[in-house]
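From first to last, the protein sequence lines are chains A and B.
Per our numbering, the very first residue in the first sequence carries number 1; after that it's consecutive.
Per our numbering, the very first residue in the second sequence carries number 1001; after that it's consecutive.
For every residue, glycine included, the Cβ atom is placed at its ideal position computed from N, Cα and C.
Everything numeric in this text was worked out from a predicted model, so none of it was measured.
There are 2 protein chains.
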Amino acid sequence: MQAESSSPLPARPVDLLVAGGIVVTMDSNRRVIADGAIAIAGGRIVAVGPRNEVEATHRARERIDATGRTVIPGLINGHAHVPMTLFRGLADDQDLDDWLQHTIFPAEAMNVDEAFVRAGTRLALAELIRGGVSTVCDMYYFEQAVAEEMASAGLRGLLGQALIDFPAPDSADHATAMACIKRFVDTWQGHALITPAIAPHAPYTVCDENLVKARAFSDHHGCPLVIHLAETRHEVQESRRLKGAPPVAHLAALGVLSEAMVAAHVVWAEEHELDLLLQHGVGVVHNPQSNMKLASGVAPVPAMLQRDLAVGLGTDGSASNNDLSLWEEIDTAAKLHKLISADPKVVSAQEAFEMATIRGARALHLEQQVGSLEVGKRADLAILEMEAINQLPLSSIYSALVYATKASDVLTLVVEGQVLLRDRQLLSLDEPAINAEALAYRHRIVERLGLAPGPLADQN
Amino acid sequence: MQAESSSPLPARPVDLLVAGGIVVTMDSNRRVIADGAIAIAGGRIVAVGPRNEVEATHRARERIDATGRTVIPGLINGHAHVPMTLFRGLADDQDLDDWLQHTIFPAEAMNVDEAFVRAGTRLALAELIRGGVSTVCDMYYFEQAVAEEMASAGLRGLLGQALIDFPAPDSADHATAMACIKRFVDTWQGHALITPAIAPHAPYTVCDENLVKARAFSDHHGCPLVIHLAETRHEVQESRRLKGAPPVAHLAALGVLSEAMVAAHVVWAEEHELDLLLQHGVGVVHNPQSNMKLASGVAPVPAMLQRDLAVGLGTDGSASNNDLSLWEEIDTAAKLHKLISADPKVVSAQEAFEMATIRGARALHLEQQVGSLEVGKRADLAILEMEAINQLPLSSIYSALVYATKASDVLTLVVEGQVLLRDRQLLSLDEPAINAEALAYRHRIVERLGLAPGPLADQN
Chain A
1 MQAESSSPLP ARPVDLLVAG GIVVTMDSNR RVIADGAIAI AGGRIVAVGP
51 RNEVEATHRA RERIDATGRT VIPGLINGHA HVPMTLFRGL ADDQDLDDWL
101 QHTIFPAEAM NVDEAFVRAG TRLALAELIR GGVSTVCDMY YFEQAVAEEM
151 ASAGLRGLLG QALIDFPAPD SADHATAMAC IKRFVDTWQG HALITPAIAP
201 HAPYTVCDEN LVKARAFSDH HGCPLVIHLA ETRHEVQESR RLKGAPPVAH
251 LAALGVLSEA MVAAHVVWAE EHELDLLLQH GVGVVHNPQS NMKLASGVAP
301 VPAMLQRDLA VGLGTDGSAS NNDLSLWEEI DTAAKLHKLI SADPKVVSAQ
351 EAFEMATIRG ARALHLEQQV GSLEVGKRAD LAILEMEAIN QLPLSSIYSA
401 LVYATKASDV LTLVVEGQVL LRDRQLLSLD EPAINAEALA YRHRIVERLG
451 LAPGPLADQN
Chain B
1001 MQAESSSPLP ARPVDLLVAG GIVVTMDSNR RVIADGAIAI AGGRIVAVGP
1051 RNEVEATHRA RERIDATGRT VIPGLINGHA HVPMTLFRGL ADDQDLDDWL
1101 QHTIFPAEAM NVDEAFVRAG TRLALAELIR GGVSTVCDMY YFEQAVAEEM
1151 ASAGLRGLLG QALIDFPAPD SADHATAMAC IKRFVDTWQG HALITPAIAP
1201 HAPYTVCDEN LVKARAFSDH HGCPLVIHLA ETRHEVQESR RLKGAPPVAH
1251 LAALGVLSEA MVAAHVVWAE EHELDLLLQH GVGVVHNPQS NMKLASGVAP
1301 VPAMLQRDLA VGLGTDGSAS NNDLSLWEEI DTAAKLHKLI SADPKVVSAQ
1351 EAFEMATIRG ARALHLEQQV GSLEVGKRAD LAILEMEAIN QLPLSSIYSA
1401 LVYATKASDV LTLVVEGQVL LRDRQLLSLD EPAINAEALA YRHRIVERLG
1451 LAPGPLADQN
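Take a look at the structure:
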C-alpha cells in the first residue's frame, strides 16, 4: 500500500472512502488494483491501495461502494469552448474558414453576452460531469463568468480569457481586452479549482506584437497561455507567405513558446517544429474529431508520442464536434492513427487512455495536481459502470476503457473530494433549469439568425 | 397525411400508436413531421402523419407517447458477427492478418460451439436493441442458433451461415457446410423476421469453385449471399498475384456478383470495380471503425454515393471494433470521409443517416420492407430521448442525430410492431441471466487461452 506515512492505529479519519472495484491508477507503474480503495481528506488523495489495507487504516465520514465498478482518474478535456454548446449544430459540413468567418464570428457578435456564456457553460458542465471529465481547459469570452459557473459547479478548469485582434463580444479593443485578462487572472490565481490563463486566439488572429505581450504577461503573472496553433494547412501557408515561417517555428522565433503554453490542434507541425515544442516544454492538445469534421487534417501524434511530448486530448467546442464526450476522442485517437500510419499497433489503447489522463495533465502543466490516482494529488476520480464482461478483460483493461466504454457508463464523479455526480444524478447543478434556459437561448438564436424553426428546417 | 386508404369513421382499430414527437421518416421526400404519429397493425405501418390527423382516424389497443422525443426508423447494422461479442478485447492493436490467423481463428477453434454462439448472440442482442438497431446482417457459424435467439428476442436479421475452405467449428468439410446451409435456408425462408443467407467468408478463404457454387445456391434458393470483399490491401495484392485481378473484378469475371450479394468492407475497390458493383446491383456495407482500428484503409464512400450505390453501415464484430453501436459508425462515417477527402462538405449528416436507414436497407436488399417510416413497411422504429436543445436544431435534425446522439439516448425500440425496449428496459431478454452467462464464458476463454485473469493482466 502507498500512504503518506505509516498509519498507527487507531484508523486515520478521512472525509471520503471509495472502496472496492478495479482501480486504474495511471501512476508511474500504471498499477491496476483488482479490489482497491482510495481515501480522501481535504480534497486530496491520502491513500490508494488494496481495499482491505486502506479500509483497515482509515475511518471515513462518507463511503462510496465501487464494488463491481472501475475507478479511474477524472478525465482531462484539454481543449473546449464550453459556452458554444448553445451553438451546437449551428453550421455543419463546412470548412473551417467559412465556418469561422461567415457563421461562428457573426453568430457570436449577434448573441454572445455574459448571460449567454453563463447559460452555455452550465449546459456544458452538465455534459462534462456526466461524461467523467474532471478538468477542462477552456478558451472563450467572458471567462470570468465561465470561472464563476465552473467553481460553483465544482469542476476544475484551466480557463483562458480570449485575446483577439478585432472587437470581441466582451472587449472593444486590445487595451480593454488586456485589462480584462489582468482582472481575470488576479481574481482567480490561487483558487483550488480554477487556474486562470491568457488566451491569444491564434497566430493568424493576433499580431506578433500582441503575441509577444501575451507571453510577457504569462511570464509576469505566472499563468498559462492557451492558443490555437497550426490547425489548418491554410494557416501554415499564410504564415509562410506573410511571416516567412510555419506557425510553430514563427512563434519560436518570436520567443512566444514556453513551458506555460497549451497549444491546441498542432495538426500541421513539421518534425523540427515538434522538436521546438519539446524543447520549450509546450503542452499540446489533440482534437481528433474536430479535426476530422472540419477536414483540418491529422496531427502527427505518433511522432509526438515518440518524443514523449506532453500531448492530451480535447473535444473542441460543441459548435465544431458536436459534443463534449472525451470517451469518443479517446476511441477515435486510438483508431485514427492506426489508419493514418497504416499500422494497427500505433497509439495503443493504453497510450490513448494516458492522453486522456496523466499525459493530458502534463499537456496542461497540471501533472503535479491531477491525471492519476496517487497520494498527494487532488481527489479527482470517476466510477464507471462497465459491463461485467469488460471487467474481466481478455487482454487489457485499457482496451475495455478505450474501445468499449461510453460517457453514459459514468456513474459517479468526484472532483477535489466533492461528489458532483452520484449514480448519474447531478448534485451541483439544477438540470431542468439548465435545459429550460438553454432551450430559451436556442429559440433566440433561431430568431436572430433568421433560421427556419425546429425540424421543419429539414423539410423539402 | 399518408394512409393506406381514406379512413371512414369510425376510427380504424390498430395495435399500436406511437404519438407525438418529431418523426424523421426517411421516406423519399425525407419528410420530417414536427408533431407526428405512426399507427401500426399486424406488424406493419398503416399510417404516418401529423399526430392530430392520425389520432383522429385510428383507435389503438396500445399507445406510446413520444412527445418531446424523436422517432426514427430502426437502424440497420449491415455487418456483424454477433456471437463474437464474447471475444471483445481478445486481441487489440494488431494487424488483420495476424489478428485473424494467429488469434481469432485459434480462439474460435478452442471455444466456439452452439452454446457459445447462443450466449454471445444474446449478449449482442441486448446491446443492439439498447442501441436502436432493428435489423442486423450477421455472418458466423451455428447461424441456426443465432436465428433462433434473434427470432426469440424479436430482432430482424439477415443471417448468413458461413462457408469457409477449412474445418469450421460447425462443419468439418465443404459437403457438410453446404448441407448445413441448405438446412438453414430451408428452415427460415418466409419467416417474418429472419432472412437466411449463404455466407462464403471471403474470396481468399473460399476457392473459386466454391464461390461459383455459392452463387448458384443463392440463385436457386432465392437467398442473399453475404461476403467479405476487398477489405485489405494485402487481399488485393494476393488476388492480383494469384488470380490476375483485384477481388471485385475477379468475382465479376467468375460470375459471382449479383443482386443478392451483400459485400462487407469494399475498402480497396477501384473505380471500375465500383461500376461493376453498381451494374450487378451488389449491396455494400461500410465499416469505418473496424477499418480504422485494423488499419485496413478507407472505403471510397464518396465515390460510392456519387454512383448512388446501395451502401450501408456496419459495426463488424466486437472482437474488432469493439462494440455494436451503430451511432458511432454514423458519426465516424460523416467525419472520416471529410478528413480523407480534405473536404468538410463530403458525406453530409443527412447522407450519413441515410446509410444507417434507407440506404442501409437497400444494401441488404430489404428496402421494400424496412429503412423508412412509410405505410406498408414493417413497423421498425426507435424513440430517442434527445436533449431538448437538439430537438430545436439550428440547421438540421440530421446534424443532431449524427453528431450528437448516442446509443444511450435510445429509449424505446419497436420491431415488427413489437416493443422490445421500453424506457430503456429490455422486454424480450433476461439481462441479468445474459450477463452472468457471458461472464462464465469469459472465465472459460481466459482459462483455455491461458491468459492472465482480470485486470492483473495489466500489471507490470
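* Please decide whether residue 289 of chain A counts as near chain B, where near means a Cβ-Cβ distance under 8 Å. => For residue 289 of chain A, the nearest CB of chain B lies under 8 Å from its own CB, placing it at the interface with that chain.
* To do: Report yes if the C-beta of residue 1079 of chain B is less than 7 Å from at least one heavy atom of the ligand HEM; otherwise report no.
  => Ligands in the displayed structure: none, and consequently the ligand HEM is not present.
* Is there contact here, the stretch 120-133 of chain A with the stretch 85-95 of chain A, by at least three beta-carbon pairs under 8 Å? -> In short, these stretches touch, since the Cβ pair count reaches three.
* To do: Would you mind stating whether residue 181 of chain A and residue 142 of chain A have Cβ atoms separated by less than 8 Å?
  => Not closer than 8 Å, so no.
* Just reading off the alpha helix (DSSP H) that residue 62 of chain A is part of, what are its end residues? -> Here residue 62 of chain A belongs to no alpha helix (DSSP H); instead the beta strand (DSSP E) covers 58-65.
* Count the other C-beta atoms from every protein chain shown that fall within 10 angstroms of the C-beta of residue 1017 of chain B, then say buried if there are 16 or more, exposed otherwise. => Flag for residue 1017 of chain B reads buried.
* Asked: If you compare alpha carbons, which of B:1212, B:1171, B:1287, B:1434 is closest to residue 1317 of chain B?
  -> Closest option to residue 1317 of chain B, Cα to Cα, is B:1287.
* **Cα-Cα separation between residue 220 of chain A and residue 198 of chain A, rounded to whole angstroms** => Answer to the nearest angstrom: the Cα atoms are 12 Å apart.
* **alpha helix (DSSP H) runs wholly inside the stretch 51-111 of chain A, at least 4 long, in chain order** => Runs of the alpha helix (DSSP H) inside the stretch 51-111 of chain A: 51-57, 105-111.
* Asked: Could one say the Cβ of residue 298 of chain A lies closer than 8 Å to chain B's Cβ atoms, at least one of them?
  -> A Cβ of chain B is located within less than 8 Å of the beta carbon of residue 298 of chain A.
* Asked: By the 10 Å Cβ neighbour count, where 16 or more other Cβ atoms means buried, how is residue 396 of chain A classified, buried or exposed?
  -> Residue burial annotation: residue 396 of chain A is buried, with at least 16 other C-beta atoms found within 10 angstroms of its C-beta.
* Asked: What are the boundary residues of the beta strand (DSSP E) that includes residue 137 of chain A?
  -> Counting along the chain, the beta strand (DSSP E) containing residue 137 of chain A begins and ends at 133-140.
* Asked: Which one of B:1062, B:1026, B:1061 has the shortest CA to CA distance from residue 1048 of chain B?
  -> Measuring C-alpha to C-alpha distances from residue 1048 of chain B to each of B:1062, B:1026, B:1061 identifies B:1026 as the nearest.
* In chain B, what lies closer than 8 Å to residue 372 of chain A by C-beta? -> What residue 372 of chain A touches in chain B: nothing, since even the nearest Cβ is about 14 Å away.
* Does the beta carbon of residue 389 of chain A sit closer than 8 Å to a beta carbon anywhere in chain B? -> Put simply, the CB of residue 389 of chain A is near chain B, with a gap under 8 Å to one of its CB atoms.
* Asked: Rounded C-beta distance between residue 65 of chain A and residue 115 of chain A? I'm assuming under 8 Å.
  -> At roughly 41 Å, the Cβ-Cβ gap does not stay under 8 Å, so residue 65 of chain A and residue 115 of chain A are not in contact.
* Asked: Can you find a CB in chain B that lies within less than 8 Å of the CB of residue 89 of chain A?
  -> Closer than 8 Å: yes.
* To do: Look up residue 1168 of chain B in the DSSP assignment and give the residues it is bridged to.
  => B:1171, per the DSSP bridge assignment.
* By how many angstroms is the C-alpha of residue 388 of chain A removed from the C-alpha of residue 1422 of chain B? -> When rounded, the distance between both Cα atoms is 23 Å.
* Asked: Got a sec: is the Cβ-Cβ distance from residue 200 of chain A to anything in chain B below 8 Å?
  -> No, residue 200 of chain A does not count as interfacial toward chain B.
* Residues bridged to residue 160 of chain A by DSSP? -> Residue 160 of chain A has A:139, A:197 as its beta-bridge partners, per DSSP.
* With 8 Å set as the bound, which would you pick, yes or no: does the beta-carbon of residue 1421 of chain B sit closer than that to a beta-carbon of chain A? -> Closer than 8 Å: no.
* **Chain-ordered neighbours of residue 1292 of chain B on chain A, where CB pairs are closer than 7 Å** => Here the neighbours are 335, 336, 338, 339.
* Taking the alpha carbon of residue 1134 of chain B as the point to measure from, which residue in B:1144, B:1150, B:1145, B:1140 has its own alpha carbon closest? -> Out of B:1144, B:1150, B:1145, B:1140, B:1150 has the C-alpha closest to the C-alpha of residue 1134 of chain B.
* To do: Can you have a look at residue 52 of chain A and say buried or exposed, based on whether 16 or more other CB atoms are within 10 angstroms of its CB?
  => Looking at its Cβ environment, which holds fewer than 16 other Cβ atoms inside 10 Å, residue 52 of chain A is exposed.
* **Range of the contiguous beta strand (DSSP E) that encloses residue 312 of chain A** => Its beta strand (DSSP E) spans residues 311-313.
* To do: Could you have a look at residue 1357 of chain B and say whether DSSP puts it in helix, strand or coil?
  => Here residue 1357 of chain B sits in coil by DSSP.
* Residue nearest to residue 1419 of chain B in terms of C-alpha spacing, selected from B:1359, B:1176, B:1137, B:1382 -> Minimum Cα distance to residue 1419 of chain B is reached at B:1382.
* Is the number of C-beta pairs between the stretch 1343-1362 of chain B and the stretch 1323-1330 of chain B that are closer than 8 Å three or more? -> Result yes; three or more Cβ-Cβ pairs closer than 8 Å.
* Asked: Whose Cβ in chain B lies nearer than 7 Å to the Cβ of residue 342 of chain A?
  -> Residue 342 of chain A reaches chain B at 1295, counting residues in chain order whose Cβ is nearer than 7 Å.
* To do: Output yes if chain B places a C-beta closer than 8 Å to the C-beta of residue 54 of chain A; else output no.
  => Not one chain B Cβ lies under 8 Å of residue 54 of chain A.
* Nearest-angstrom Cα separation, counted from residue 257 of chain A out to residue 251 of chain A -> Distance between the alpha carbons of residue 251 of chain A and residue 257 of chain A is about 6 Å.
* To do: Using a Cβ cut-off of 8 Å (strictly closer), state whether residue 393 of chain A contacts chain B.
  => Closer than 8 Å: yes.
* Would you mind telling me which residues of chain A sit closer than 8 Å to residue 1445 of chain B, beta carbon to beta carbon, in chain order? => The answer, in chain order, is 394.
* Asked: Closer than 8 Å, CB to CB, is residue 1435 of chain B near chain A or not?
  -> It does: the Cβ of residue 1435 of chain B has a partner Cβ on chain A nearer than 8 Å.
* Asked: Around the C-beta of residue 274 of chain A, are 16 or more other C-beta atoms found within 10 angstroms, so that it is buried, or is it exposed?
  -> Buried, by the Cβ-count rule.
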